[in-house]
Every structure is written in structure tokens, then in C-alpha cells.
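Heads up: the structure comes next, in C-alpha cells.
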Amino acid sequence: MPDMRMNKPHAIIVMGVSGCGKSSVGEKLAEALHLHFVEGDALHPASNVEKMSKGIPLTDEDRMPWLDRIGEEMKASLAKGEGIIVSCSALKRIYRDRLRAATGGTLFFVYLEGSKALLTRRMGERKGHFMPTSLLESQLATLEVPTREQGVVTVDIDDTMEGITATALRDLAEFGVTA
Numbered sequence: 005m006p007d008m009r010m011n012k013p014h015a016i017i018v019m020g021v022s023g024c025g026k027s028s029v030g031e032k033l034a035e036a037l038h039l040h041f042v043e044g045d046a047l048h049p050a051s052n053v054e055k056m057s058k059g060i061p062l063t064d065e066d067r068m069p070w071l072d073r074i075g076e077e078m079k080a081s082l083a084k085g086e087g088i089i090v091s092c093s094a095l096k097r098i099y100r101d102r103l104r105a106a107t108g109g110t111l112f113f114v115y116l117e118g119s120k121a122l123l124t125r126r127m128g129e130r131k132g133h134f135m136p137t138s139l140l141e142s143q144l145a146t147l148e149v150p151t152r153e154q155g156v157v158t159v160d161i162d163d164t165m166e167g168i169t170a171t172a173l174r175d176l177a178e179f180g181v182t183a
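Residues in the sequence shown are numbered from 5 upward in steps of one, following my numbering.
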């Protein structure tokens, strides 16, 4: 598909805890913005997937190589003049800053926010995902909400997929991110 955007390429991270809809929203945004979508979970080393599958929370040490792979994907895409959207929990400010550094600062975040009850229900409804519901508590405890961070839009996930996507697109447009 030809790139219909007239503005510069953008890198966008769709972030939040497990069960918030990062992959689904990321795919919808990529379609609407004519950008390539990368499933961040697919970039995890096998050792991380194994730990999470067993209900063992990841440490900062576990996450750093994964964040670096995501950063490399985004940097390579931008270097080719192409935009990219990646799903990534990006739970802590230091993780987000590491990703910002990888892109030279040209990075936006769509933070998907929802109640613990809604997240638990959504995780329980998922089929075939390696992340057990038992790790939600750990992710919520680790999460540093990106309040007042530059380039972040916050979207409430207690809505339809169309509503979530429309809100994200509207708010990203305020930063000049358009199709």
C-alpha cells in the first residue's frame, strides 16, 4: 500500500498493562495511519516469554534487551523514512525514556488506561496468550502512569474498539500525527 501521509514518519508506542488492548488498538491505528505495526511481544526473548508463562514477573534486567530490540526496530523504520507503531507495555518512565532515546526523541505514546476489574475481565477472555491473569497485579504495581510526559495521549479503554481508536487518532492529530 502506498504511503498516503504528507507529514514526516512517526514512531508510536501503544502502551499499558496486559489486557488493555495494545495489539488490537495498535493494528487499528496502523491501518488508519498507513503505518507498519510490530507486535512487541514477538520481540521478547524466549526466556522472557517462559518466565511470564510461568507467572514470574519480569525484572528491569529482563526487560532492557527487549526494549532495545523495540528501539532498534523503530530506529530502522524511521531511518528508511517509514513510520511504525509498536505494542509495548512501557510500564516505567525509564523504559519510555530509553525508547525515546532510541528514536532520537521522535516518539509518541498512546497510553491505554482501564480499571483493574475491566483489565482482569479482558485478560480472562483472551485465548492463547502467554501472559496469565495472575501477573496483572505485578504490572499494575510496576506501572508509572505517564502523567505530564511529553508526547503522550491517554485513552480510556472502557469503550468500543472504534471509540478507543477514534479517541487515539483525534488526540494524536493534536501532535501532528495524521494519515
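We put the CB at the ideal spot given by N, CA and C, even for glycine.
{"query": "Who pairs with D160 in a beta bridge, going by DSSP?", "result": "E117"}
{"query": "Quick check: the Cα distance between G118 and T124, rounded to an integer number of angstroms?", "result": "10 Å"}
{"query": "Report back the beta-carbon spacing between L173 and A36 to the nearest angstrom; my notes put them in contact at under 8 Å.", "result": "6 Å"}
{"query": "Closest to V29 by CA distance: which of A121, R126, M165, Q154 is it?", "result": "M165"}
{"query": "Within this structure, are the beta carbons of I17 and A80 separated by less than 8 Å?", "result": "no"}
{"query": "What whole-angstrom Cβ distance do H40 and I88 have, given they're in contact under 8 Å?", "result": "5 Å"}
{"query": "Is the beta carbon of I161 sitting closer than 8 Å to the one on G44?", "result": "no"}
{"query": "Check the DSSP bridge columns for H40 and list the partner residues they point to.", "result": "I88"}
{"query": "How would you label P150, buried or exposed, when you count the other beta carbons within 10 angstroms and need 16 or more for buried?", "result": "buried"}
{"query": "Looking at the secondary structure, which residues open and close the alpha helix (DSSP H) in which A185 lies?", "result": "The requested residue 185 does not occur in the structure, where the chain is confined to residues 5 to 183."}
{"query": "Cα-Cα, which of L33, Q143, G23 is closest to A183?", "result": "L33"}
{"query": "Should G180 go down as buried or exposed, given a rule of 16 or more other Cβ atoms within 10 Å for buried?", "result": "exposed"}
{"query": "Tell me which residues share the same chain as D163 and place their Cβ nearer than 8 Å to its Cβ, disregarding the 5 neighbours each side in the sequence.", "result": "T171"}
{"query": "Just the Cα atoms here: how many angstroms apart are P69 and M56?", "result": "16 Å"}
{"query": "Our contact map puts L116 next to V159 with C-beta atoms below 8 Å; I'd like the distance itself, whole angstroms only.", "result": "6 Å"}
{"query": "Can you list the alpha helix (DSSP H) stretches of 4 or more residues lying completely in the region 18 to 88, in chain order?", "result": "26 to 37, 50 to 57, 64 to 83"}
{"query": "Using a Cβ-Cβ cutoff of less than 7 Å, which residues in the same chain neighbour P61 once the five nearest sequence positions on both sides are dropped?", "result": "L139, S142"}
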